[in-house]
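Peer 1: The following block contains the structure, expressed as structure tokens.
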């Protein structure tokens with residue numbers, strides 16, 4: 004982020020006809036946008052483009068979701084037909100929708116709005132070993148970077164992360180454990196709605212995944228350890244292959260992430276490199292952002308947390324990343340729905356810096372100090 | 004609200020291609036919109052019209068605000084010139100802006116976008132006696148009702164409450180005390196930014212106002228008492244003139260409210276009678292809504308709480324009204340800014356009922372139960 008633009012935006016905001024600080028969290032968003040764009044006032048980040056990265060998960064075989072795996076593919080069809088909630092929300096905020104197949108467990112027919120960048124027919128079962136090879140994780144990261152590049156080339160001025168993948172809250176919870184050092188029971192939620200028995204199984208599966216992938220140290224503490232170890236770009240001890248030349252963030256991502264998590268991490272890196280703000284959706288994006296932060300800590304300065312999902316792991320991820328979400332409405336749908344809802348709020352924050360008069364220019368008296 | 008439309012909207016929402024309940028608070032908003040419009044799916048409530056009711060306050064003389072009283076008038080000029088935050092946010096969400104002078108302490112020149120419905124040149128000092136006569140309160144209520152009628156006739160399909168009035172958080176806090184029975188110290192905040200000394204004075208002024216207007220019973224408990232006495236339409240004991248034929252809600256409003264509070268209460272009643280949703284802004288709207296609820300409890304079913312302001316009295320008012328706000332970003336500006344930000348979220352909730360496919364129509368498999 005550009006410190007000069009940040010300082011300029013902050014100073015300008017304080018001269019506008021409103022009590023200082025009275026726009027709360029949006030004042031920080033406006034300043035952050037200036038830092039991202041390296042100019043004050045920053046451009047209003049519109050239009051937005053939503054990328055829904057779709058992939059399947061080997062861990063589905065462990066019974067962690069009540070939804071059949073085919074729903075991933077069926078929902079891709081629904082997105083392309085314009086029938087999902089993400090489509091309705093995109094219409095509301097004037098965003099385009101791109102679906103990116105990075106790992107659906109079936110061959111999808113070509114269709115307008117669908118990019119096929121399939122890395123694999125789903126991941127391997129993370130509770131039995133690494134979900135992806137390192138090469139697969141890198142390929143999925145690249146698919147995300149490339150998607151960001153394409154959407155910006157097509158005119159997007161804001162990127163919104165989206166996901167579709169039955170069982171992907173399991174991979175998300177495992178990533179959050181590995182990057183933050185928290186226990187599976189603290190970060191695992193009911194996803195799209197699992198019962199008590201399935202929730203207990205899900206927690207067990209995640210613990211097994213952390214063990215089998217060497218992401219729990221002796222004594223039970225997890226991968227990257229507590230604190231901000233994941234955010235300093237070095238990952239943490241205990242990750243597999245932490246010898247010379249290893250990139251632990253990438254190893255963790257490959258071990259327990261999904262192909263869509265890797266693609267979203269790449270999407271964040273791509274947006275950051277293009278100085279375009281990236282609005283993060285829920286727990287899938289939050290856990291992917293932990294991976295992105297491990298790979299390139301500065302990339303997170305280019306992100307805005309769109310919403311806080313109902314999943315407990317999301318709150319843990321946001322706290323670890325130091326991000327405050329804009330929308331808190333107990334959504335637990337994914338697809339990018341929470342990120343889309345935040346887009347008008349982000350634009351409103353930027354508009355203030357463009358359109359609001361200063362005390363001087365409007366002839367409004369300032370408060371007595 | 005229409006119970007049949009409510010039931011239909013709820014049933015339809017449960018058939019859509021998303022896990023049940025996964026849109027959190029927005030699912031309740033969608034259902035409420037159906038009830039308001041008495042049809043399912045309800046129309047997407049756009050465009051919105053913001054009405055900014057402007058008025059001055061005799062209590063300003065007690066030193067409850069660091070801002071000079073002239074700022075009310077100056078900000079009206081700023082709204083009309085398009086230079087305020089409310090204008091920027093209205094542009095963002097496609098809303099029109101109407102400024103209504105119900106009580107500015109100066110004669111305003113005619114201007115496009117300004118409706119002059121002045122009831123008085125500001126209220127009397129509520130810490131010395133009633134802020135308004137009963138006739139003034141009724142006239143301001145009527146100005147609000149009439150404004151709602153006009154805006155809907157001009158094409159608005161959603162109304163957003165706005166306010167401008169230096170010192171109006173003092174009147175708001177007094178209203179919240181009187182309608183909920185809470186103590187001034189619990190509900191009084193820093194408004195647009197007062198220091199500790201001014202805050203202490205503000206609390207004392209509000210206590211004096213409640214006493215002098217007979218809104219505190221022996222033993223210190225306040226006007227309408229705790230619980231939901233204010234919401235059942237009967238107001239509470241202790242209000243002045245609680246003999247036969249008195250309308251305590253109106254008496255409380257006249258005693259410690261502002262002209263803009265009365266107008267906003269009328270605006271809510273007007274919107275409700277036209278079956279158009281009213282998005283409430285912050286603490287000024289919240290305290291006005293307590294008065295509206297006392298006058299016509301059902302009117303509140305037609306409201307959506309736009310945001311939760313940083314003022315403690317707003318949280319008390321929302322809890323008393325049983326409303327859950329959509330945006331929680333620590334805004335403390337007023338003008339209708341928080342209500343405007345909620346508008347795209349309200350529209351998104353309605354769009355879901357129109358645009359999202361059902362499991363059957365999209366060929367998506369439902370989860371195993």
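Chains as they are written, first to last, in our numbering: chain A, 4 to 372; chain B, 4 to 372.
Glycine included, C-beta positions come from ideal geometry on N, C-alpha and C.
#1: Going by C-alpha to C-alpha distance, which of A/326, A/341, A/327 sits closest to residue 333 of chain A?
#2: Would you say residue 150 of chain A faces chain B, with C-beta separation under 9 Å as the test?
#3: Quick check on the DSSP output: the alpha helix (DSSP H) that includes residue 88 of chain B runs from which residue to which?
#4: Taking C-beta to C-beta, are residue 294 of chain A and residue 324 of chain A nearer than 9 Å?
#5: Taking all protein chains shown into account, decide if residue 7 of chain A is buried (16 or more other Cβ within 10 angstroms of its Cβ) or exposed.
#6: Apart from the five residues on each side of it in sequence, which residues of its chain come closer than 7 Å, Cβ to Cβ, to residue 209 of chain B?
#7: Are the segment 110–119 of chain B and the segment 267–284 of chain B touching, with three or more C-beta to C-beta distances below 8 Å?
#8: Using a Cβ-Cβ cut-off of less than 9 Å, list which residues of the segment 333–344 of chain A approach chain B; keep chain order.
#9: List the residues of chain B whose Cβ lies closer than 8 Å to the Cβ of residue 368 of chain A, in chain order.
#10: Taking CB distances under 9 Å as the criterion, tell me whether residue 27 of chain B reaches chain A.
#11: Using a cut-off of 8 Å between C-beta atoms, extract the partners of residue 86 of chain A located in chain B.
#12: Span of the alpha helix (DSSP H) holding residue 78 of chain B?
#13: Report the option in B/72, B/91, B/68, B/69 whose CA atom is closest to the CA atom of residue 358 of chain A.
#14: Please classify residue 166 of chain B: does DSSP put it in a helix, a strand, or coil?
#15: Please state the DSSP three-state secondary structure of residue 31 of chain B.
#16: Mapping the DSSP letters down to three states, classify residue 18 of chain B as helix, strand or coil.
#17: With H, G and I counted as helix, E and B as strand and the rest as coil, what does DSSP make of residue 323 of chain B?
#18: Would you be able to state if there are at least three C-beta pairs under 8 Å between the segment 262–271 of chain A and the segment 93–109 of chain A?
#19: Excluding the five sequence neighbours on either side, which residues of its own chain have a C-beta within less than 7 Å of the C-beta of residue 48 of chain B, listed in chain order?
#20: Say whether chain B places a C-beta atom closer than 9 Å to the C-beta of residue 211 of chain A.
#21: When DSSP builds the beta bridges, which residues end up paired with residue 283 of chain B?
#22: Is residue 371 of chain A close to chain B, meaning its C-beta is less than 9 Å from at least one C-beta of that chain?
#23: Quick one: what does DSSP say residue 103 of chain B is sitting in, helix, strand or coil?
#24: Nearest to residue 56 of chain B by CA position, among B/339, B/371, B/360, is which residue?
#25: Within its chain, find whatever has a CB closer than 6 Å to the CB of residue 302 of chain B; leave out the 5 residues flanking it on each side and keep chain order.
#26: Just reading off the beta strand (DSSP E) that residue 53 of chain A is part of, what are its end residues?
#27: Counting only beta-carbon separations shorter than 9 Å, does residue 9 of chain A have a partner in chain B?
#28: Do we get a CB-CB distance below 9 Å when we pair residue 329 of chain A with the residues of chain E?
#29: Examine chain A for any beta-carbon lying closer than 9 Å to the beta-carbon of residue 325 of chain B, and answer yes or no.
#30: Are residue 98 of chain A and residue 269 of chain A close, meaning C-beta to C-beta below 9 Å?
#31: Hey, how far is the Cα of residue 336 of chain A from the Cα of residue 16 of chain A?
#32: If you count every other CB in all the chains shown that lies within 10 Å of the CB of residue 368 of chain A, and 16 or more means buried, which is it?
#33: Three or more C-beta pairs under 8 Å: does that hold for the segment 191–208 of chain B against the segment 61–72 of chain B?
#34: Can you check whether the C-beta of residue 216 of chain B is within less than 9 Å of a C-beta belonging to chain A?
#35: Taking C-beta pairs closer than 8 Å, name the residues in chain A that residue 350 of chain B reaches, listed in chain order.
#36: Of all the CB atoms in chain A, is at least one closer than 9 Å to the CB of residue 347 of chain B?
Peer 2: Let's see:
#1: The option with the nearest alpha carbon to residue 333 of chain A is A/341.
#2: Taking Cβ atoms only, chain B never reaches closer than 9 Å to residue 150 of chain A, which makes this a no.
#3: DSSP places residue 88 of chain B in the uninterrupted alpha helix (DSSP H) bounded by 88–96.
#4: Not in contact: residue 294 of chain A and residue 324 of chain A (Cβ atoms no closer than 9 Å).
#5: The residue is exposed, with fewer than 16 neighbouring Cβ atoms inside 10 Å.
#6: Cβ within range, chain order: 173, 176, 177, 180, 187, 191.
#7: Fewer than three Cβ pairs drawn from the segment 110–119 of chain B and the segment 267–284 of chain B lie within less than 8 Å of each other, which leaves the two stretches out of contact.
#8: Listed by position along the chain: 333, 334, 335, 336, 337, 338, 340, 343, 344.
#9: Neighbours of residue 368 of chain A on chain B, chain order: 70, 71, 73, 74, 77.
#10: Yes, because at least one Cβ of chain A sits closer than 9 Å to the Cβ of residue 27 of chain B.
#11: Against chain B, the beta carbon of residue 86 of chain A has neighbours under 8 Å at 20, 358, 359, 360, 364, 365, listed in chain order.
#12: Counted as a single uninterrupted DSSP element, the alpha helix (DSSP H) harbouring residue 78 of chain B occupies residues 73–84.
#13: Residue 358 of chain A has its Cα closest to that of B/91, out of B/72, B/91, B/68, B/69.
#14: Strand at residue 166 of chain B.
#15: Here residue 31 of chain B sits in helix by DSSP.
#16: Correct three-state label for residue 18 of chain B: helix.
#17: If DSSP states are grouped into helix, strand and coil, residue 323 of chain B belongs with the helices.
#18: Short answer: they touch.
#19: Here residue 48 of chain B has 36, 160, 161, 280, 349, 350, 353 as same chain residues with Cβ atoms under 7 Å from its own Cβ, once five neighbours each way along the sequence are excluded.
#20: So, not an interface residue.
#21: For residue 283 of chain B, which the question treats as bridged, DSSP gives the partners B/308.
#22: For residue 371 of chain A, the closest Cβ of chain B is nearer than 9 Å.
#23: Strand at residue 103 of chain B.
#24: Here the closest residue by C-alpha is B/339.
#25: Here the set comprises 271, 272, 275, 295.
#26: From DSSP, the beta strand (DSSP E) with residue 53 of chain A extends over 51–58.
#27: No, residue 9 of chain A lies away from the interface with chain B (no Cβ there is under 9 Å from its Cβ).
#28: No chain E appears in the structure shown, which is made up of the protein chains A and B.
#29: No - not a single Cβ of chain A is within 9 Å of the one on residue 325 of chain B.
#30: Not a contact, by the Cβ cut-off of 9 Å.
#31: Distance between the alpha carbons of residue 336 of chain A and residue 16 of chain A: 35 Å.
#32: That one is exposed.
#33: Verdict: yes, contact present.
#34: Chain A contact via Cβ: absent.
#35: In chain order: 95.
#36: Yes, because at least one Cβ of chain A sits closer than 9 Å to the Cβ of residue 347 of chain B.
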